[in-house]
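Residue numbers (UniProt numbering): 1 to 501. Glycine included, every Cβ here is placed at the ideal spot set by N, Cα and C.
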């Protein structure tokens with residue numbers, strides 16, 4: 001497309017329609033899916049329809065465009081014909097006259113049909129698009145326990161309509177721009193006027209406009225281009241395939257970013273607490289939601305620090321273990337040839353490999369491979385004397401705890417950070433564990449998402465902010481007035497225009 005665009009900018013529309021057809025044929029040479037269909041209007045004038053095969057509704061094009069042109073079109077008397085005369089003949093209101101090659105290419109590649117008349121040299125773009133779309137269905141990446149079972153799809157118009165159905169107010173604004181020199185991908189960001197902070201809206205608009213990529217094939221391209229710290233392991237945008245989750249964040253004053261071709265939407269700014277929350281927390285009673293949320297926080301720390309704590313204690317601080325338990329563990333490790341650190345690293349790498357294999361295999365056998373593979377390999381490793389039974393238990397508990405983190409991207413961050421902290425613990429004991437935690441907390445305290453501190457709600461500690469972080473109060477308590485929701489987001493403008501500071 002870059003070559004096409006570069007050539008098109010040097011070519012202007014000719015006063016002769018046949019020359020315009022030749023220009024388009026030269027631009028789309030060796031493009032077998034671009035169709036040039038000649039027709040003859042009712043007054044005898046020849047014309048050509050140009051469209052991309054597979055993106056056009058043939059029946060609609062024939063009934064609303066071709067038939068009216070060949071049976072109803074009349075040249076006006078007493079004046080030269082205009083493009084509006086042709087448009088008025090069509091049985092569709094979605095038609096417009098175009099005057100430049102750039103506009104013609106953009107519309108043609110966005111599934112419009114071009115009508116080029118030969119004598120009068122009119123060029124009219126007609127919307128008669130249709131292509132196969134995936135139906136709305138339950139999102140596979142996010143299990144729905146309670147709540148709507150609709151999920152976003154790859155079509156951006158369908159996704160924006162799902163948001164409109166949930167937030168029925170003219171205050172819900174949606175702005176669209178196109179990015180990607182080759183792909184011209186539509187990107188829409190949505191917000192609620194009067195609820196979302198104006199500085200945040202302006203910052204999102206600025207960062208999206210600053211994207212300069214050759215292609216944008218998924219929302220991940222956008223996420224990596226606009227985040228504050230691209231080298232941080234922690235996600236700085238919440239991702240979801242659920243319209244109800246996106247709508248709830250909009251009502252809290254955040255911005256939702258949708259990308260054509262991706263069922264995953266981005267929500268900014270992202271807070272650490274957002275990645276430990278699940279939609280079901282708000283659909284269940286407050287007591288249940290609070291209990292599950294606290295369980296997730298405990299599981300998150302177990303997933304992050306469990307193996308490191310075990311390695312540090314078994315290597316440097318055996319005096320902390322009760323005598324009977326220490327004797328049992330010593331007996332289990334008597335024939336293991338590796339130190340605890342190497343033992344833990346081997347088991348963790350094996351577990352992560354099985355988890356990745358299960359994710360890549362077909363769904364019917366993927367889960368079975370993960371569970372059965374872990375059991376078989378773990379038992380075989382114990383029988384061979386390569387690892388001890390306590391280590392297998394620690395790794396299994398850690399793996400189960402990591403599954404309780406609701407968001408996939410945060411789960412990856414926790415799993416990756418587990419290894420450097422484990423190395424520090426293996427070399428320095430509890431001192432190394434403390435050093436790792438301090439470094440991690442320092443990074444989290446300095447991290448921001450669109451100018452909003454990542455640990456908002458935890459630092460500084462304010463009891464009233466804990467009601468939607470650690471706790472889940474009844475919905476009638478948490479439901480924020482509009483002005484309070486807007487004040488919760490306080491973005492700061494990034495100094496650099498480059499999306500990667």
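Report task. Output the distance between the C-alpha atoms of residue 394 and residue 236, rounded to the nearest integer angstrom. Result -> 30 Å
Query raised in the report: Whose C-beta lies closer than 6 Å to the C-beta of residue 267 among residues of the same chain, with five residues either side of it excluded?
Result: 238, 249, 254, 256
**Report entry** Secondary structure of residue 36, DSSP reduced to three states
**Finding:** strand
Requested in this report: Pick out whichever of 47, 25, 332 has its Cα sitting closest to the Cα of residue 17.
Outcome: 47
**Report entry** residue 451 versus residue 231 - alpha carbon distance
**Finding:** 16 Å
Query raised in the report: Mind checking whether residue 127 and residue 178 have CB atoms under 8 Å apart?
Result: no
Query raised in the report: Since residue 30 contacts residue 293 with CB under 8 Å, what's their CB separation in whole angstroms?
Result: No, residue 30 and residue 293 are not in contact; Cβ-Cβ is about 58 Å, not under 8 Å.
Query raised in the report: Do residue 111 and residue 123 have their CB atoms nearer than 8 Å?
Result: no
Query raised in the report: Contact between the segment 294-308 and the segment 426-440: three or more CB pairs below 8 Å?
Result: yes
Report task. Report the residue from 383, 216, 190, 316 whose alpha carbon sits nearest the alpha carbon of residue 182. Result -> 216
Query raised in the report: So is residue 269 buried or exposed if we call it buried at 16+ other beta carbons inside 10 Å?
Result: buried
Query raised in the report: For the beta strand (DSSP E) that contains residue 124, what are its first and last residues?
Result: 123-127
Query raised in the report: Exposed or buried, residue 415, counting other C-beta atoms within 10 Å across all chains shown (16 or more means buried)?
Result: buried
Query raised in the report: What are the boundary residues of the alpha helix (DSSP H) that includes residue 113?
Result: No alpha helix (DSSP H) contains residue 113, which is instead part of the beta strand (DSSP E) from 112-117.
Report task. Just tell me which of 273, 39, 109, 391 has its CA closest to the CA of residue 315. Result -> 391
Query raised in the report: Going by the CB atoms, is the gap between residue 91 and residue 64 shorter than 8 Å?
Result: yes
Query raised in the report: Per DSSP, residue 189 is paired with what?
Result: 175, 257
**Report entry** Inter-residue spacing [alpha-carbon to alpha-carbon] between residue 486 and residue 172
**Finding:** Confidence at residue 486 is low in this model, with a pLDDT of 49, below 50, so its placement is unreliable and the value that follows should be read with caution. Each residue's Cα considered, the two are about 14 Å apart.
**Report entry** residue 195 (DSSP reduced to helix, strand or coil)
**Finding:** coil
Query raised in the report: Where does residue 207 land, buried or exposed, given buried means 16+ other C-beta within 10 angstroms?
Result: buried
Query raised in the report: Does DSSP classify residue 170 as helix, strand or coil?
Result: coil
Query raised in the report: Taking 8 Å as the CB-CB cut-off, is residue 286 touching chain D?
Result: Within the model displayed, chain D is absent; a lone protein chain is all it includes.
Query raised in the report: With respect to the beta strand (DSSP E) encompassing residue 51, which residues constitute its N-terminal and C-terminal limits?
Result: 46-52
**Report entry** For residue 183, three-class secondary structure by DSSP
**Finding:** coil
Query raised in the report: Ends of the alpha helix (DSSP H) at residue 89?
Result: 83-89
Report task. Look at the Cβ atom of residue 87, then the Cβ atom of residue 125, and state whether they are nearer than 8 Å. Result -> no
Query raised in the report: Out of 245, 43, 50, which has the shortest C-alpha to C-alpha gap to residue 34?
Result: 50
Report task. Determine the closest residue to residue 142 out of 339, 264, 459, with distance taken between C-alpha atoms. Result -> 264
Query - N-terminal and C-terminal residue of the alpha helix (DSSP H) that residue 328 is part of - result: 323-332
Query raised in the report: If we count Cβ pairs, one from each stretch, closer than 8 Å, do we get three or more for the segment 220-231 versus the segment 285-304?
Result: no
Report task. Determine the closest residue to residue 420 out of 440, 138, 410, with distance taken between C-alpha atoms. Result -> 440
Query raised in the report: Which whole-angstrom value is the C-beta distance of residue 121 and residue 20, which I expect to be below 8 Å?
Result: 7 Å
Query - Residue nearest to residue 113 in terms of C-alpha spacing, selected from 332, 53, 85 - result: 53
Query raised in the report: What is the DSSP secondary structure of residue 448, reduced to helix, strand or coil?
Result: strand
Query raised in the report: Roughly how many angstroms separate the alpha carbons of residue 168 and residue 262, rounded to a whole number?
Result: 24 Å
Query - Reference residue 358, options 290, 373, 209, closest by Cα - result: 373
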